[in-house]
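Undergrad:
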Amino acid sequence: MAQEIKMSAAGLKAMQEELEYLKTVRRKELAEEIKEARSHGDLSENSEYDEAKNTQGLVENRITELEQMIKNAVIIDESELSVDNVSVGTHVTILMTGEDENEEYDIVGRTEADPLNGKISDESPVGHALLGKAVGDKAEVLLPTGHTVEYTVLNITHAAG
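Structural data, given as structure tokens:
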């Protein structure tokens, strides 16, 4: 059984748009590139042809990946989302023990993770440790470095759409 992939409605829409672009626009562009490269003669020494075929393979892999993710998508209904505990779809404010500055994150499904913009996956070390925690709870996080850090949950709200 395929694993469910939690995501927002906006995340699903973005995936569907990328899939549509790859199928309708990018495939045609690559077919033209391959046709053009083929016209240059000997394919055994034609780097343009090789590059276009490699790109075509990557695009086809991405199309397959997107189709699977869309098929297994579970949309988070924000109207039914509780802010009593951290879950996918919540915005959490946390404080690392020993630090002075709060950190804020939206907890999202893995396909929407964007740590540089404050969106961490429920499968990341911090996101996973925070799941189910309530305001005032502490979460221990084992970092990839082998060190453990502790966070206190300060606030939970609905994530901004």
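For what it's worth, this note's numbering labels the leading residue of the sequence shown as 233, then goes sequentially.
Heads up, the beta-carbon is just placed ideally off N, CA and C, and yes, glycines get one too.
Since the model is a prediction, treat every value here as computed from it, not as a measurement.
#1: Roughly how many angstroms lie between the CA atoms of residue 371 and residue 317, to the nearest whole one?
#2: What's the gap between the Cα of residue 392 and the Cα of residue 352?
#3: Per DSSP, what kind of secondary structure is residue 320 in: helix, strand or coil?
#4: The alpha helix (DSSP H) with residue 286 in it runs from where to where?
#5: Quick check on the burial criterion: 16 or more other C-beta atoms within 10 angstroms. Buried or exposed for residue 324?
#6: Leaving out five residues before and five after residue 322 in sequence, what residues of the same chain have Cβ atoms less than 8 Å from its Cβ?
#7: Suppose the cutoff is 8 Å on Cβ atoms and the five residues either side in sequence are ignored; what does the same chain contact list for residue 334 look like?
#8: Helix, strand or coil: how does DSSP classify residue 390 here?
#9: Go to residue 245, then tell me how far its alpha helix (DSSP H) extends in each direction, as first and last residue.
#10: Opposite residue 374 in the DSSP bridges: which residues?
#11: If you measure between the beta carbons of residue 284 and residue 239, is that distance less than 8 Å?
#12: Measure from the alpha carbon of residue 336 to the alpha carbon of each residue in 342, 374, 291, 384, then state which is nearest.
#13: In the DSSP assignment, the beta strand (DSSP E) including residue 358 goes from what residue to what residue?
#14: Give me, in chain order, the residues of the same chain whose beta-carbon lies closer than 8 Å to that of residue 299; leave out the 5 immediate sequence neighbours on both sides.
#15: Between 295, 258, 381, 310, which lies nearest to residue 247 when the distance is taken from Cα to Cα?
#16: Near residue 266, which residues of its chain fall below 6 Å by C-beta distance, leaving aside the five closest residues on each side in sequence?
TA: Taking the definition as stated:
#1: 12 Å
#2: 14 Å
#3: coil
#4: 279 to 303
#5: buried
#6: 313, 315, 338, 339, 388, 389, 390, 391
#7: 325, 326, 327, 386
#8: strand
#9: 241 to 253
#10: 380
#11: no
#12: 384
#13: No beta strand (DSSP E) holds residue 358; the alpha helix (DSSP H) holding it covers 357 to 362.
#14: 251
#15: 295
#16: 284
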